[in-house]
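Residue numbers (UniProt numbering): 1 to 116.
From the three backbone atoms N, C-alpha and C, an ideal C-beta is built for every residue, glycine too.
Laid out in structure tokens, this is it:
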């Protein structure tokens, strides 16, 4: 029997946006693609298609169907097929989360983590 894939909400400070999914109810999706509840997440550039927004300057985009995955911690695999690193971590060109220059420069995967 086939089961339908569900779209799960991304936790606070998780990644959100096109191809990443929506924030949990009550959370905003910032212009940088992170979920949260403070002004930085909920005002200018807030992505209303992926969470709530507090002002009229929100950015509306088309939501892609996506199943979110838990954010990866240090020394966990990241990238296509694995998902994004937690905020503050980089996804190296080899697909590992970390914060060293080897993770954050040359070949760093910006779609899945922070890069220098």
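Within the same chain, and ignoring the five residues on either side of residue 95 in sequence, the residues whose Cβ sits closer than 7 Å to its Cβ are 77, 78, 79 and 82. Between the alpha carbons of residue 103 and residue 93 lies a distance of about 7 Å. Shown here, residue 34 sits in a strand according to DSSP, grouped into three states. Taking all protein chains in view, the Cβ of residue 84 is crowded by 16 or more other Cβ atoms within 10 Å, so the residue is classified as buried. By the C-beta density criterion, residue 73 is exposed, having fewer than 16 other C-beta atoms within 10 angstroms.
For residue 106, same chain residues with a beta-carbon under 8 Å away, outside a window of 5 residues either side, are 93 in chain order. Exposed is the label assigned to residue 26, since fewer than 16 other Cβ atoms lie within 10 Å of its Cβ.
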